[in-house]
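Below: the structure, in structure tokens.
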Amino acid sequence: MLIKVLKKLLQLIFNRIFYVAVALLVQLGWILLLFWRLNNYSKYASAVLSIISVLCVLWIANKKINPSYKLAWITLILAIPVFGMVLYLLFGKSRVATAMQEKFDSILHESWPYLRGDPMAMKGLWEKDPEVAIQSQYIQRFSGYPLHKNTSVEYFQVGDDIFPILIKELENAQHYIFMEYFIINDGVMWRSILDILEKKAFQGVDVRLIYDDFGCLTTLPHKYYEFLRSKGIKCEVFNPFRPLLNVIMNNRDHRKICVIDGHTGFTGGINLADEYINQKERFGHWKDTAVMLKGEGVWNLTAMFLHMWNVVTKTDEVSNFKSYLPHRYHPSPFQGEGYVQPYCDTPLDDETVGENVYLNIINRAKYYVYICTPYLIIDNEMMTALCLASKSGVDVRIMTPGIPDKKIVFLLTRSYYEQLLEAGVKIYEYQPGFLHAKSFVCDDKIAVVGTINMDYRSLYLHFENGVWMYGNQAVMDVKQDYIDTLDYCKKITITFCSGRKLPERMMQSVLRLCAPML
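In my numbering, the protein residues as written are 15 to 532.
Structure, rendered in structure tokens:
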């Protein structure tokens, strides 16, 4: 018994996450202690720290970022001056390192000639529905990825359904496989994929993989990329997580992209781990969604991957974008109805594309907006849009998990319910388990499926992606899935919210102060 305990203790001590957590806590404690000692050392030091806090508040107030995001941090700094300021400097800044910024700008410039899109696609959408075309035009102007026709879209309502299709398409790869994921974990899903990647690399297929180091901190061994490279897989790690308090560590690659030979692509909320395909139960049944694209629209996903690949590789070599265009290995015409527009959002600028796409849909809805999100931590602008749409007669529904993966975040999510319900918004919790889907569907016209949660980190700090769709069957499939899933949900009422006990309400009020960090 003692040997088992010692063995577990040693495993914990030598675990990477334990080492990183201890190092970060020690540094944070040291910084806070230093500020506290200075604050109490003399009235002059205290005055200096107060002035610095005020300057920090003024600096935030004049930044070109969302006003609600500003207000959340300003409130925290004013409520807890020294502690709040330190937290903002460490966790609140959304801009990435200058070197990464410059590399992204350079590669975007190189790829620009290949991202102009087909002007006839946009012209056709303007003629069909000008109000919808305005939304697409915004995405193209500020995300940089064009609208496409000639693309078939297949929607998957759970990871269990997409997994065999993904395996089949990977098996059919002849030229290249590009994969970019936030989380990879050993298990049935990853081993099945890895076997194919190894085989394809041996056959001469160009196999590339990017994974986020923080997302895989507890799921992959340190320097796992070396193992993959030994198998012939080109692998890079996004923003390696080091045990240093550094604002750059805030910016994670939360995207989920798979591209095969330029004409087939996958994206959605599904990572490469067994819980996403319900091979392993963590929080009850795992409900997630994804789409498979075949056709010209896949080019946007390919370009996103190549942009990131050129940034994370430690060379000055730039990808030959022309070599990866959709028709390169698919000379025959593509089939597909409607329009698709894969897009991404980054912390490289002051434009919150992910949030604005959602706001555009909500603000222009006439009949209904159905939303799935695992986390509901929203700013005043999003709250106002949701409430105003509902008060204007739009059927606004939000679906969240019934079993959370993060209890603190779930408690914070529930703190927003009452105000939404009072405005007429309908809220449902998925009872069988954890809802990880991120989707919007509106007026039988528009749908979005992607990686973008309705929380501060997704909307302001992370690299994210989604697929905007109009006028194809997938839009109606998203709607039908939503309606079917309501049968497994509990409808939240005002009575439920008013029945919260005082300690819970107090805890939620405190968490609201910390919302930008969650």
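We put the beta carbon where it would ideally sit given N, CA and C, even for glycine.
Asked	Found
Return the chain-ordered list of same chain residues with a C-beta closer than 7 angstroms to the C-beta of residue 533, the five sequence neighbours on each side being excluded.	Because the chain spans 15 through 532 in this model, residue 533 falls outside it and cannot be assessed.
Would you call residue 355 buried or exposed, if buried means 16 or more other Cβ atoms sit within 10 Å of its Cβ?	buried
Identify every run of the alpha helix (DSSP H) within the segment 209-267, keeping only runs that are complete inside it and at least 4 residues long; order them along the chain.	238-244
Output the residue ranges of the alpha helix (DSSP H) runs that lie fully inside the segment 60-95 and measure 4 residues or longer, sorted by chain position.	81-93
Starting from residue 479 and walking both ways along the beta strand (DSSP E), at which residues does that stretch end?	478-484
State the DSSP-derived secondary structure class of residue 429, mapped to helix, strand or coil.	coil
Beta-carbon separation of residue 375 and residue 367 under 8 angstroms?	no
In chain order, what residues of the same chain have a beta carbon less than 8 angstroms from the beta carbon of residue 391, not counting five sequence neighbours either side?	423, 426, 427, 430, 468, 469, 470, 529 and 532
With a cut-off of 8 angstroms, do at least 3 Cβ pairs link the segment 157-168 to the segment 247-257?	no
Taking C-alpha atoms, which residue in 148, 188, 171 and 133 lies nearest to residue 163?	133
If you drop the 5 nearest sequence neighbours on each side, which residues of the same chain put their C-beta closer than 6 angstroms to that of residue 176?	170 and 304
For residue 218, count neighbouring Cβ atoms within 10 angstroms of its own Cβ and tell me buried if that reaches 16, exposed if not.	exposed
Alpha carbon to alpha carbon, what distance is there between residue 157 and residue 143?	21 angstroms
Can you look up residue 134 in the DSSP assignment and give me helix, strand or coil?	helix
Leaving out five residues on either side along the sequence, give the residues of the same chain with a beta carbon under 8 angstroms from the beta carbon of residue 247.	211, 212, 215, 221, 222 and 223
Ordered along the chain, which non-local residues of its own chain (more than five positions away) have a Cβ less than 6 angstroms from that of residue 369?	473
Checking 8 angstroms against the spacing of the C-beta atoms, do residue 319 and residue 266 come in under that value?	no
Would you please state the rounded distance, in angstroms, between the beta carbons of residue 412 and residue 146? I believe it to be under 8 angstroms.	At roughly 22 angstroms, the Cβ-Cβ gap does not stay under 8 angstroms, so residue 412 and residue 146 are not in contact.
Measuring only the C-alpha atoms, how far is residue 90 from residue 73?	14 angstroms
Could you tell me which uninterrupted alpha helix (DSSP H) segments, each at least 4 residues in length, are contained entirely in the segment 313-379, listed from first to last along the chain?	367-378
Give the secondary structure of residue 517 by DSSP, where H, G and I count as helix, E and B as strand, and everything else as coil.	helix
Does the separation of the CB atoms of residue 269 and residue 477 fall below 8 angstroms?	yes
Would the segment 276-290 and the segment 431-447 be scored as touching if the rule is three or more Cβ pairs under 8 angstroms?	no
Tell me, to the nearest whole angstrom, how far the beta carbon of residue 208 is from that of residue 273; I am working on the premise that it is less than 8 angstroms.	17 angstroms between Cβ atoms; not a contact.
Helix, strand or coil: how does DSSP classify residue 276 here?	coil
Quick check: what's the CA-CA separation for residue 138 versus residue 131?	13 angstroms
So, residue 225 versus residue 195, is the Cβ gap smaller than 8 angstroms?	yes
Using the DSSP secondary-structure output, state which residues sit across from residue 386 in a beta bridge.	413 and 453
Could you give the distance in angstroms between the alpha-carbon of residue 124 and the alpha-carbon of residue 333?	9 angstroms
What do you reckon, are the CB atoms on residue 487 and residue 351 nearer than 8 angstroms?	yes
Using 8 angstroms as the threshold, is the C-beta distance between residue 452 and residue 283 below it?	yes
Assuming residue 449 and residue 386 are in contact, meaning their beta carbons sit under 8 angstroms apart, how far apart are those beta carbons, in whole angstroms?	6 angstroms
Using the Cβ count rule (16 or more neighbours within 10 Å means buried), how would you classify residue 99?	buried
Can you look up residue 168 in the DSSP assignment and give me helix, strand or coil?	strand
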